[in-house]
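The sequence shown begins at 1 in the UniProt record's numbering and counts up by one.
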Amino acid sequence: MSEYDRIHLDFLSMVSEPRVKAFIHLKEFPRTVPPPGRKSFDLLEALGFKQSEAERAEIIPLRVFPELGLFSAWVKPKDFLELLKETLARLVTFVEPVPKVKALLKDTVPLVGGNLVWSEGYTGKGVRVAVVDTGVWSDHPELRGKVVASESFVEGEDAGDLEGHGTHVAGIIAGNGEVYRGCGAGSGYS
């Protein structure tokens, strides 16, 4: 199998992008792995990646799908492809971009009256929002710079989001990414 058999054509076309959200299919997927979150290298190490590989391609895991033998992550595509040729072929069977979804805001924003608020010029700028949930992944690419404070109310646990729900809720409120945007994308939260 050549390295090009392992790469979706759409991923190849994104090689000049600074970051791409990708599905990374693995030859073997462990039965148990740590969840993505603040200690993302723990997950990558459990999947067989070396720290030097993770750092070079700036792999930031997002979700794991053990039943499908894959995980999603932000990667630097050029460096990831170079590593695929050099060392990652031992682990990776296929890499493809996560499809971009475009129709979501069209349907959901009007349900909460967001379109009326946006039409008046309100973006959430200057508003601080508190999210009390499972935590938040403050390094999430679509939430960077938005988290001004975080606190765990469970003794012995940090405020990182191991479940994903708190990060999802924070994204609905303040996310400002390519694919998804929150109703108050200009706001910050704590």
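Every residue, glycine too, gets a C-beta built ideally from N, C-alpha and C.
Predicted, not measured: the structure shown is a model, and the values here were computed from it.
By the criterion of a C-beta distance shorter than 6 Å, Lys-21 is surrounded in its chain by Trp-74, Val-98, once the five residues flanking it on both sides are discounted. Taking a cut-off of 8 Å on C-beta distances, the segment 83 to 93 does not touch the segment 142 to 157, as fewer than three cross pairs fall below it.
Around the CB of Arg-63, fewer than 16 other CB atoms lie within 10 Å, so the residue is classed as exposed. For Lys-125, the three-state secondary structure derived from DSSP is coil. Boundaries of the alpha helix (DSSP H) harbouring Trp-118: 114 to 119, taken from the DSSP string. Secondary structure at Glu-151: coil, using DSSP grouped into helix, strand and coil. Check the Cα spacing between Val-132 and each of Phe-11, Pro-18, Lys-100, Ile-173: the tightest is with Ile-173. Around the beta-carbon of Ser-119, fewer than 16 other beta-carbon atoms lie within 10 Å, marking it exposed. Across the structure, Ala-89 and Val-127 are spaced so that their CA atoms are roughly 47 Å apart. Apart from sequence neighbours up to five positions away, the residues of its chain that approach Gly-114 with a beta-carbon distance below 7 Å are Cys-183, ordered along the chain. The residue from Val-136, Gly-156, Glu-157 with its alpha-carbon nearest to that of Val-147 is Val-136.
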